[in-house]
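Novice:
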Amino acid sequence: MRRVLLGLLLGGLIAATTSTAAVAERGSVADDSGGAPAVIDITKLTVKNRDVRVLMQVQVRDLQDRGRFQFYYWGPGGQPPAHSALVVVRLKDGEPVASFWKCGREDCDRTECDELLVEWDQDADVVSVSLRQDCFPRPHSDPDAPAPAVGRFFAYGLIGDHQDGTHLLTLDRG
């Protein structure tokens, strides 16, 4: 949990300094290679923010069977926002395993997300997650509210004390 919260704080720093305007439902942001150990060195984040599902994918310089990747989906306001989602992916016994977290400004709770899909493809050097928009946490005052019209996305790779993060990508839902 401490690492999850550390990621949220680091994400807030990234979001505060590297935001782009929402102009489409899909997009990508490149990251310089060599900023971290090759097994977690993210070189590109690609996101498709569709009406029903969100697909987030990272390209990794030399993906192996170690490390952990964290995919962040933030709503449009706040740093960190009042509501956000986090998917943590790792390998367990050679198979990708994902945990889903609903987060507030100061804490995250592990919960279920139906139809959460994850892929760890070492041959293509890609880790991806796909989740339904209805997994995104809603305000307590309006639990039937739609997913945010604009989402902010970023990712981290972690191994030991090393980490690598992407710039923030802001996309319309569509």
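Throughout the sequence shown, residue numbering follows mature numbering (1 follows the signal peptide of the UniProt record, and there is no 0), covering -21 to -1, 1 to 153 in sequence.
Just so you know, even glycine gets a beta-carbon here, dropped at the ideal spot from N, CA and C.
Can you name, in chain order, every residue of its own chain whose Cβ lies under 8 angstroms from the Cβ of P118, other than the five neighbours on each side?
Specialist: The count along the sequence shown starts at 1 and reaches residue 118 at position 139. The answer, listed in chain order, is A61, H62, A124.
Novice: Which of helix, strand or coil does DSSP assign to C92?
Specialist: Taking the first residue of the sequence shown as position 1, residue 92 is located at position 113. Three-state result, C92: coil.
Novice: Can you tell which of Y51, S120, P75, Q58 has the C-alpha that lies nearest to the C-alpha of V105?
Specialist: The residue you call residue 105 lines up with position 126 of the sequence shown. V105 has its Cα closest to that of P75, out of Y51, S120, P75, Q58.
Novice: Quick one: Cα of A(-7) to Cα of L150, how far?
Specialist: For the purposes of this step, residue -7 is identified with residue 15 of the sequence shown, where counting begins at 1. For the purposes of this step, residue 150 is identified with residue 171 of the sequence shown, where counting begins at 1. Low confidence applies here, because A(-7) scores a pLDDT of 45, under 50, leaving its location unreliable; read the following figure in that light. For A(-7) and L150, the distance between alpha carbons rounds to 13 angstroms.
Novice: Locate the beta strand (DSSP E) running through D143, then write down its first and last residues.
Specialist: Position 164 of the sequence shown, counting from 1, holds the residue named residue 143. It spans 141 to 144 - the beta strand (DSSP E) in which D143 sits, taken as one unbroken run.
Novice: Specify whether the region 91 to 103 and the region 120 to 134 touch according to this definition: at least 3 beta carbon pairs, one from each stretch, less than 8 angstroms apart.
Specialist: No contact exists between the region 91 to 103 and the region 120 to 134.
Novice: Would you give the residue range spanned by the beta strand (DSSP E) that Q112 belongs to?
Specialist: On the sequence shown, residue 112 is found 133 positions in, with the first residue counted as 1. No beta strand (DSSP E) contains Q112, which DSSP labels as neither H nor E.
Novice: Using the beta-carbon count (16 or more within 10 Å), is V31 buried or exposed?
Specialist: Position 52 of the sequence shown, counted from the first residue, corresponds to residue 31. V31 is exposed by the Cβ-count criterion.
Novice: Count Cβ pairs between the region 133 to 147 and the region 17 to 32 that sit closer than 8 angstroms; are there 3 or more?
Specialist: Taking 8 angstroms as the limit for Cβ pairs, the verdict is that the region 17 to 32 does touch the region 133 to 147.
Novice: Report the residue from G73, P59, V66 whose alpha carbon sits nearest the alpha carbon of E85.
Specialist: Here residue 85 corresponds to residue number 106 of the sequence shown, with the count starting at 1. Nearest option by C-alpha distance: P59.
Novice: When burial is assigned at 16 or more other CB atoms within 10 Å of the CB, is L24 buried or exposed?
Specialist: Here residue 24 corresponds to residue number 45 of the sequence shown, with the count starting at 1. Buried, since its Cβ has 16 or more Cβ neighbours within 10 Å.
Novice: Using the beta-carbon count (16 or more within 10 Å), is P116 buried or exposed?
Specialist: Here residue 116 corresponds to residue number 137 of the sequence shown, with the count starting at 1. Result: buried.
Novice: Could you name the residues that DSSP lists as bridge partners for D151?
Specialist: Translated into the one-based positions of the sequence shown, residue 151 becomes position 172. The partner list for D151 (beta bridge, DSSP) reads V129.
Novice: Buried or exposed for D143, going by 16 or more other Cβ atoms inside 10 Å?
Specialist: Here residue 143 refers to the residue found at position 164 of the sequence shown. It is buried - the Cβ of D143 has at least 16 other Cβ atoms within 10 Å.
Novice: Given a threshold of 16 other Cβ atoms within 10 Å of its Cβ, counted over all protein chains shown, does D10 qualify as buried or as exposed?
Specialist: Taking the first residue of the sequence shown as position 1, residue 10 is located at position 31. That one is buried.
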